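**Q**
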Amino acid sequence: MDILVGQLFTGLSTGSILLLAALGLSLTFGQMGVVNMAHGEFIMAGCYTAYVTQQVVGGAGVSLLIALPIGFAVGGAMGLILEVLLIRRLYHRPLDTLLVTFGVGLILQQVARDVFGAPAVNVTVPQFLRGGVEILGTTVPKTRLFIMALAVVAVAALALVLRFTPAGRRIRAVVGNRDLAETAGISSRAVDAGTFFIGSGLAGVAGVALTLIGSTSPTTGQSYLVDAFLVVVAGGLGRIKGAVVAAVALGALQSVFETYSTASLAKVGVFVVIVVFLQLRPQGLFTLRTRSLA
Amino acid sequence: MLRLRELTCGYGRSAVVHGIDLDVGVDEVVAVMGHNGAGKTTLLRAVVGLIPAMGRGTIEFADAAGNWTDVTGRPANRRVRSGMAYVPQGQQCFAHLTCAENLRLVADGRKRGKALIDEQLDLFPALRGLLTRQAGLLSGGQRQQLAIARALIGEPRLLILDEPTEGIQPTVVAEIESTIVALAARGGLSVLLVEQHLGFALQAASRYYVLRSGRIASEGETGTGAEARVREAMAI
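Those protein sequence lines, which keep their order, are chains A and B.
Residue numbers for the first sequence follow our numbering, so the first one is 18 and each next one is one higher.
Residue numbers for the second sequence follow our numbering, so the first one is 1313 and each next one is one higher.
Below is the structure:
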């Protein structure tokens, strides 16, 4: 029983990390179809935002809370610049987009190396997140609980914005039918830029949160990039629900495999499961179904 | 209301429509006819701004006071916000949004947004019961009514309709046709109508153009003898 509960929490925790890393990508890749290889570097920018904020502000607790919105702004601004300067010009050239964003990612890594140095830096975990909480006989680290809570909040906020606000309606309209959205008086360029801002901002938020469970180096983002793409593809393009279910499922799989083997073998196991799953269901877990093709 | 001069447009580098002059007057209904592939839809897409004009052709659009503006280089969304509305062929709607969201999309940010939605629901009462349904799950006729309602919420001065009754069940066709006639009769709205059914096109419009291979083969007033002239112009 204890082992099962422990497993469950580890799975949920790994899943919420995956989800945080993938949520922004589910917008920019899942909804807009842009393969942004620099998404990991936006996460890395969020990590360094948390680090810098802590250097400036001092108090670990306050700086974490301040760093979350700043991380959103930093990631979002970087995404916005990338969209306006490069991606906007390459919307009908997905391969070029992949190469260009990969290059931008490398540049950003080098910039981080020049500014912060190659060695990893650490962010001090605030007092109120140290230690663990006893849940059903298992000790769960508070940092993990915080990340779970943040993932829930981020998903809920994104879902509410998309469903109930005029801006969210416009995003869904442009994603659904670009030409028709233009003829409904919606500037698809402005909406693209806004969507990319939000998606990249979420990567920044993820970066801030991830400093709680690991150190930050210029290549931090890379390690999350593949996982984030996996979650979005397995979940099915265009559905946030898919990303949530896929992240939790992959997190659970990872933690179950880790119990019986090593972390890297577990990774292999997860990949195998995903490859088999995508053979059976190439469209992912959830797909959009309607009568019209439009 | 609308003035096209030497308008050439198409896809990529190949022109489909060649140097067309076309006028739509204030409160006038103008029909564009022609066989499949004659360039009717391409012409409308260029007018609303979904494809660019080629060469030195111009598209001019008059504001409410009658002042002409050259809109040739403007993106579609700006043309729509300045008073054009476009209902594409194929009953297109935002399939993943609910019926109500389809309407709100255009009403958002307008002072009279709510009232405008209500007005269209009075015009198409069938939509009232469908507001919470996903638009992609509606029938073709329902989606076309939704598409016209969505266009009208933008309070257009020029309504551009591409085959509004194509592929719709006959009982709904009559309803949509009478709505279009009633809208035009209400005043304050010009209509540019692409239509395959000569009968309805000649009844609704006061002037017509016949396109053949991207050029105007015939134009004139509707009325006595018009149908014979149109049929002759369309015959290959």
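No residue lacks a Cβ here, since even glycine has one placed at the ideal position from N, Cα and C.
Here the structure is a predicted model, which means the values were calculated and not measured.
Under 8 Å between the Cβ atoms of B:Val1506 and B:Leu1356?
**A** Their beta carbons are under 8 Å apart, which means B:Val1506 touches B:Leu1356 by this criterion.
**Q** Look up B:Glu1544 in the DSSP assignment and say whether it is helix, strand or coil.
**A** Three-state result, B:Glu1544: helix.
**Q** Counting Cβ pairs, one atom from each stretch, are 3 or more of them under 8 Å apart for the segment 243 to 255 of chain A and the segment 87 to 96 of chain A?
**A** Because the criterion of three Cβ pairs below 8 Å is not met, the segment 243 to 255 of chain A and the segment 87 to 96 of chain A do not touch.
**Q** Which chain B residues sit within Cβ distance under 9 Å of A:Ser3?
**A** The shown model of chain A, from 18 to 311, leaves out residue 3 of chain A, and the question about it has no answer.
**Q** Rounded to a whole number of angstroms, what is the C-alpha to C-alpha distance between B:Arg1368 and B:Gly1337?
**A** When rounded, the distance between both Cα atoms is 23 Å.
**Q** Could you please give the first and the last residue of the uninterrupted beta strand (DSSP E) stretch that includes A:Thr156?
**A** 155 to 158 is the extent of the beta strand (DSSP E) around A:Thr156.
**Q** Report yes if the CB atom of A:Gly23 is closer than 8 Å to the CB atom of A:Ala223, and no otherwise.
**A** Against a cut-off of 8 Å, the Cβ pair of A:Ala223 and A:Gly23 comes out as no contact.
**Q** Exposed or buried, which one is B:Thr1381 when buried takes at least 16 other CB atoms within 10 Å?
**A** That one is exposed.
**Q** Using only alpha-carbon positions, find the residue among B:Val1342, B:Ala1497, B:Val1329 that is nearest to B:Gly1535.
**A** Cα-wise, what sits closest to B:Gly1535 is B:Val1342.
**Q** Might you give, ordered along the chain, the residues of its own chain that have their beta carbon closer than 6 Å to the beta carbon of A:Val157, omitting 5 neighbours on each side?
**A** Result list for A:Val157: Phe26, Gly149, Val150, in chain order.
**Q** A:Ser204 and A:Arg195 - do their beta-carbons sit closer together than 8 Å?
**A** No, the Cβ-Cβ distance between A:Arg195 and A:Ser204 is not below 8 Å.
**Q** Quick check: is the beta carbon of B:Val1392 nearer than 8 Å to any beta carbon in chain A?
**A** Chain A, which has a Cβ nearer than 8 Å to the Cβ of B:Val1392, makes this yes.
**Q** Look at the Cβ atom of B:Tyr1521, then the Cβ atom of B:Leu1314, and state whether they are nearer than 8 Å.
**A** For B:Tyr1521 and B:Leu1314, no; Cβs fall outside 8 Å.
**Q** Whole angstroms is fine: what's the gap from A:Ala168's alpha carbon to A:Val262's?
**A** Spanning the two alpha carbons is a distance of roughly 13 Å.
**Q** Which value, in whole angstroms, describes the spacing of the CA atoms of B:Ala1584 and B:Gly1532?
**A** With chain B represented from 1313 up to 1548, any question about residue 1584 of chain B goes unanswered, as that position is not in the structure.
**Q** Determine whether the beta carbon atoms of B:Gly1453 and B:Ile1480 lie at a separation below 8 Å.
**A** Closer than 8 Å, so yes.
**Q** Rounded to a whole number of angstroms, what is the C-alpha to C-alpha distance between A:Ala201 and B:Cys1405?
**A** Near 10 Å, if we compare the C-alpha coordinates of B:Cys1405 and A:Ala201.
**Q** Would DSSP call B:Gly1349 helix, strand or coil?
**A** Residue state, collapsed to three classes: coil.
**Q** Between A:Leu310 and the rest of its own chain, which residues show a CB-CB distance below 6 Å, the 5 nearest in sequence each way excluded?
**A** With a pLDDT of 38 at A:Leu310, under the threshold of 50, the predicted position of this residue should be treated as unreliable, though the coordinate-derived value follows. There are no such residues.
**Q** Would you identify the three-state DSSP class for A:Met95, choosing helix, strand or coil?
**A** Correct three-state label for A:Met95: helix.
**Q** Alpha carbon to alpha carbon, how far is B:Arg1325 from B:Leu1319?
**A** Whole-angstrom Cα-Cα distance: 15 Å.
**Q** Give me the subset of the segment 1350 to 1365 of chain B whose CB atoms are less than 7 Å from a CB atom of chain A, sorted by chain position.
**A** Answer in chain order: Val1360, Leu1362.
**Q** Buried or exposed for B:Pro1468, please, with buried defined as at least 16 other CB atoms from any protein chain shown within 10 angstroms of its CB.
**A** Per the 10 Å Cβ criterion, buried.
**Q** Strictly under 8 Å for the Cβ-Cβ distance: is A:Arg105 near chain B by that measure?
**A** A:Arg105 does not count as touching chain B.
**Q** Cα separation between A:Gly57 and A:Thr160?
**A** So the two alpha carbons sit approximately 21 Å from each other.
**Q** Classify B:Pro1476 as buried or exposed, calling it buried when 16 or more other Cβ atoms lie within 10 Å of its own Cβ.
**A** With 16 or more Cβ atoms within 10 Å of its Cβ, B:Pro1476 is classed as buried.
**Q** What is the C-beta distance between B:Leu1504 and B:Ile1472, in whole angstroms, given that I count them as a contact (C-beta under 8 Å)?
**A** Between B:Ile1472 and B:Leu1504 the Cβ distance is about 5 Å, and since that is below 8 Å, they are a contact.
**Q** Check A:Gly252 in the structure and name its three-state DSSP category.
**A** Residue state, collapsed to three classes: helix.
**Q** Please decide whether A:Val249 counts as near chain B, where near means a Cβ-Cβ distance under 8 Å.
**A** It does not: the Cβ of A:Val249 has no partner Cβ on chain B nearer than 8 Å.
**Q** List the whole-angstrom C-beta distance separating A:Gly41 from A:Ala67, where the pair is believed to meet the contact cut-off of C-beta under 8 Å.
**A** With a Cβ gap of about 16 Å, A:Gly41 and A:Ala67 do not count as contacting.
**Q** For A:Arg308, which residues from the same chain have a beta carbon less than 7 Å from its beta carbon, with the 5 sequence-adjacent residues on both sides left out?
**A** Because the pLDDT of A:Arg308 is 42, which lies under 50, any placement of that residue in the model is unreliable, and the question is left without a value.
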